[in-house]
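**Q** Quick one: this structure, given as structure tokens, is what I'll be asking you about.
Residue numbers (my numbering): 21 to 515.
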């Protein structure tokens, strides 16, 4: 039976990063990375329109260096060539019904005409919820003590004498703001939006406290985010990590006190059995729950501490676009999408544009039916974008452009694509902690545990965006990988 010192399951950013860092730290250790799909990268996928002239993104669009600090450090370590993104985040150009706001809310919007009403109302709500527990006015990412202060806030934050982590974001904001204000930023907020799923109030507010302060220009790798994946893949192979594609994990068992046995099935049905000293499961919630029969009951309970949020991208190119060269990101005014990201280029001497429509709920539900499935395939497996399929989808994108840009006639889309991350094998575009989940304690448990609840050898590790405090970002994948890596290093240090 084949044996590896460390086995990593999952070829997304968390798995690739783990393989890279562990092989660098322990070049003498045998390390293998397994991916069930024929490609690496997880939820990073970059498409190609107009023979590669346009590169639609079906996942992350940017890296924010002052928010995703560990990711930024890793990009620099890999010496990936990047280009700045001058556009800011999308913000709603509309305002709520002022007559339905409180006097305080209404005056705040009138006094700050250059700032989005959605962000203004969110900040007002956060200050009312936190009170003297946090000062939004003096808060600064550059404060060297800020991380420690955030850690303390996570432990102590309360609202109405109840721990904030036990409450839903929708509930607490609705308690301090008018219903009109909450409904507005829930439905119209293009990025700082509160999901309709009523996620953990503490974790979401802590995210907003940091994310609202970004000052440095965001960036992405030259030639698209997929170059992030390609560079890491090349690095891990060069270091000597063995990479297996098309290998699906079907069984995990405790072999003895120190070894775990694993069974993989290749796409051609060939089985591969091996043992490993350490196993990192760098896979999303959907895949982890498929393996629940092999995991301890205490771990399975924690797997349900986050909610999967489906995300869908619809993309298209168009000649003579109704936007210009420096078009800012836009919210989905008058059309069924949350936010739109636009590009403008001269192609063969003529103006062309790329539109990428980001859709979470409820717009995800509107678009998801335009992914073509085999008859009676209600689960809807999709691991790659569908491109230039389904003329009804093409028409829907054209209609959406007409609605959003107030065009007199229906535009004509050249190429189009759609990617629904809510479908298997990923099961979600992002995840959010449920109300009641103490994210820090859960992460500390998942970073190292044993398949046998009576064993003291903690050689199983779960990491990834889903169970992180930077959900929806590379930063979450990398930071939770660091927790698992540190646990492995500690185990080797005592040998």
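Think of the CB as a built atom: it goes at the ideal place given N, C-alpha and C, for glycine as much as any other residue.
So the candidates are 36, 25, 104; which of them puts its Cα closest to the Cα of residue 498?
**A** Within the chain shown, the letter at position 478 stands for residue 498. If we check each option's Cα against that of residue 498, 36 comes out closest.
**Q** My parser needs the alpha helix (DSSP H) runs of 4 or more residues fully inside the region 438-469; what are they?
**A** Counting only runs of 4 or more, we get 459-466.
**Q** Alpha carbons only, please: which of 345, 375, 340, 512 is nearest the one belonging to residue 357?
**A** Here residue 357 is taken as the residue at index 337 of the chain shown, counted from 1. Among 345, 375, 340, 512, the Cα nearest to that of residue 357 is on 375.
**Q** Taking the alpha carbon of residue 208 as the point to measure from, which residue in 382, 22, 458 has its own alpha carbon closest?
**A** Looking up residue 208 in the chain shown gives position 188. Closest option to residue 208, Cα to Cα, is 382.
**Q** Does the region 410-421 touch the region 443-459, meaning 3 or more C-beta pairs lie closer than 8 Å?
**A** At 8 Å Cβ cutoff, the stretches do not touch.
**Q** Closer than 7 Å by C-beta to residue 238: which residues in its own chain qualify, once you throw out the five before and the five after it? Chain order, please.
**A** Within the chain shown, numbered from 1, the residue matching residue 238 stands at position 218. Excluding positions up to five away in sequence, the list reads 82, 83, 84, 105.
**Q** Return helix, strand or coil for residue 46, following the three-state DSSP convention.
**A** Numbered from 1 along the chain shown, position 26 holds the residue referred to as residue 46. In this structure, residue 46 counts as coil in the three-state DSSP scheme.
**Q** What span of residues does the alpha helix (DSSP H) with residue 224 cover, start to end?
**A** Your numbering for residue 224 matches position 204 in the chain shown. 221-231 is the extent of the alpha helix (DSSP H) around residue 224.
**Q** Could you tell me which uninterrupted beta strand (DSSP E) segments, each at least 3 residues in length, are contained entirely in the region 76-106, listed from first to last along the chain?
**A** Qualifying beta strand (DSSP E) stretches, in chain order: 102-105.
**Q** Which of the three DSSP states, helix, strand or coil, is assigned to residue 177?
**A** Within the chain shown, residue 177 is the residue found at index 157, counting from 1. If DSSP states are grouped into helix, strand and coil, residue 177 belongs with coil.
**Q** To the nearest angstrom, report how far apart residue 254 and residue 47 are at their CA atoms.
**A** Residue mapping note: residue 254 aligns to position 234 of the chain shown, counting from 1. Residue mapping note: residue 47 aligns to position 27 of the chain shown, counting from 1. Cα to Cα, residue 254 sits roughly 16 Å from residue 47.
**Q** Sort out for me which residues DSSP pairs residue 185 with in a bridge.
**A** Residue numbering aside, residue 185 sits at position 165 when the chain shown is read from its first letter. In the DSSP output, where bridge partners are listed per residue, residue 185 has none listed.
**Q** Excluding the five sequence neighbours on either side, which residues of its own chain have a C-beta within less than 6 Å of the C-beta of residue 422, listed in chain order?
**A** Counted from its first residue, the chain shown places residue 422 at position 402. 430.
**Q** Count Cβ pairs between the region 59-66 and the region 21-33 that sit closer than 8 Å; are there 3 or more?
**A** Verdict: yes, contact present.
**Q** So, residue 328 versus residue 102, is the Cβ gap smaller than 8 Å?
**A** Walking along the chain shown from the start, residue 328 turns up at place 308. Walking along the chain shown from the start, residue 102 turns up at place 82. Result no, Cβ atoms of residue 328 and residue 102 do not sit closer than 8 Å.
**Q** Judging by CA-CA distance, which residue of 442, 275, 197 is the nearest neighbour of residue 385?
**A** Reading the chain shown from its first residue, position 365 is the one you call residue 385. Checking every option, the nearest Cα to that of residue 385 belongs to 442.
**Q** To the nearest angstrom, report how far apart residue 66 and residue 267 are at their CA atoms.
**A** As a first step, residue 66 must be located in the chain shown, where it is residue number 46. As a first step, residue 267 must be located in the chain shown, where it is residue number 247. When rounded, the distance between both Cα atoms is 23 Å.
**Q** Measure from the alpha carbon of residue 332 to the alpha carbon of each residue in 159, 321, 360, then state which is nearest.
**A** Walking along the chain shown from the start, residue 332 turns up at place 312. Nearest C-alpha to residue 332: 360.
**Q** What does the alpha-carbon distance come out to for the pair residue 475 and residue 55?
**A** In the chain shown, residue 475 corresponds to position 455, counting from 1. In the chain shown, residue 55 corresponds to position 35, counting from 1. Taking the straight line joining both Cα atoms gives about 28 Å.
**Q** Pick out whichever of 510, 507, 378 has its Cα sitting closest to the Cα of residue 449.
**A** As a first step, residue 449 is located in the chain shown; it is residue number 429 there, counting from the start. Comparing Cα positions, the closest option is 378.
**Q** Could you check if residue 116 is buried or exposed, using at least 16 other CB atoms within 10 Å of its CB as the buried criterion?
**A** Taking the chain shown and counting its residues from 1, one reaches residue 116 at position 96. So residue 116 ends up on the buried side.
**Q** Going by beta carbon distance, what residues of the same chain come within less than 8 Å of residue 354, once the five residues before and after it are set aside?
**A** Here residue 354 is taken as the residue at index 334 of the chain shown, counted from 1. Within the same chain, residue 354 has close Cβ partners 423, 424, 426.
**Q** Please state whether the Cβ-Cβ distance between residue 494 and residue 88 is less than 8 Å.
**A** Stepping through the chain shown from its first residue, residue 494 is reached at position 474. Stepping through the chain shown from its first residue, residue 88 is reached at position 68. Cβ atoms of residue 494 and residue 88: closer than 8 Å.
**Q** Taking the beta strand (DSSP E) that residue 54 belongs to, which residues open and close that run?
**A** In the chain shown, the residue the question calls residue 54 occupies position 34. Segment 51-54, the beta strand (DSSP E) holding residue 54.
**Q** Buried or exposed: where does residue 366 fall if 16 or more other Cβ atoms within 10 Å of its Cβ makes it buried?
**A** What you label residue 366 is simply residue 346 of the chain shown in a count that begins at 1. The residue in question, residue 366, is exposed, as its Cβ has fewer than 16 Cβ neighbours within 10 Å.
**Q** Since residue 219 contacts residue 177 with CB under 8 Å, what's their CB separation in whole angstroms?
**A** As a position in the chain shown, residue 219 is number 199, starting the count at 1. As a position in the chain shown, residue 177 is number 157, starting the count at 1. At roughly 15 Å, the Cβ-Cβ gap does not stay under 8 Å, so residue 219 and residue 177 are not in contact.
**Q** Exposed or buried, which one is residue 479 when buried takes at least 16 other CB atoms within 10 Å?
**A** Along the chain shown, read from residue 1 onward, the residue named residue 479 stands at position 459. Flag for residue 479 reads buried.
**Q** Identify the continuous alpha helix (DSSP H) that holds residue 293 and give its terminal residues.
**A** Start at 1 with the first residue of the chain shown, and residue 293 comes out as number 273. It is not in any alpha helix (DSSP H) - residue 293 instead sits in the beta strand (DSSP E) that spans 291-301.
**Q** Comparing alpha-carbon positions, which option in 221, 243, 444 lies nearest residue 72?
**A** Here the question's residue 72 lines up with position 52 in the chain shown. Of 221, 243, 444, the residue nearest in Cα terms is 243.
**Q** Under the DSSP definition of a beta bridge, which residues are partnered with residue 24?
**A** Start at 1 with the first residue of the chain shown, and residue 24 comes out as number 4. BP columns for residue 24 point to 296.
**Q** Answer yes or no: do residue 245 and residue 80 have a C-beta to C-beta separation smaller than 8 Å?
**A** Against the chain shown, residue 245 aligns to sequence position 225. Against the chain shown, residue 80 aligns to sequence position 60. Result yes, Cβ atoms of residue 245 and residue 80 sit closer than 8 Å.
**Q** Mind listing, in chain order, the continuous alpha helix (DSSP H) runs of no fewer than 4 residues lying wholly within the region 318-387?
**A** Here the runs fully enclosed are 383-387.
**Q** Near residue 44, which residues of its chain fall below 8 Å by C-beta distance, leaving aside the five closest residues on each side in sequence?
**A** Along the chain shown, read from residue 1 onward, the residue named residue 44 stands at position 24. Closer than 8 Å at Cβ, skipping near neighbours: 259.
**Q** Residue 148: which of 193, 250, 344, 248 sits nearest, CA to CA?
**A** As a first step, residue 148 is located in the chain shown; it is residue number 128 there, counting from the start. Comparing Cα-Cα distances from residue 148 to each of 193, 250, 344, 248, the minimum goes to 193.
**Q** Thinking residue 201 and residue 125 are a contact (beta carbons under 8 Å), I'd like their distance in whole angstroms, please.
**A** Position 181 of the chain shown, counted from the first residue, corresponds to residue 201. Position 105 of the chain shown, counted from the first residue, corresponds to residue 125. Confirmed, about 5 Å.
**Q** Mind reading off the beta-carbon distance from residue 282 to residue 27? Whole number of angstroms is fine, and I expect it under 8 Å.
**A** Taking the chain shown and counting its residues from 1, the one referred to as residue 282 is at position 262. Taking the chain shown and counting its residues from 1, the one referred to as residue 27 is at position 7. The pair is a contact, with the Cβ atoms about 6 Å apart (cut-off 8 Å).
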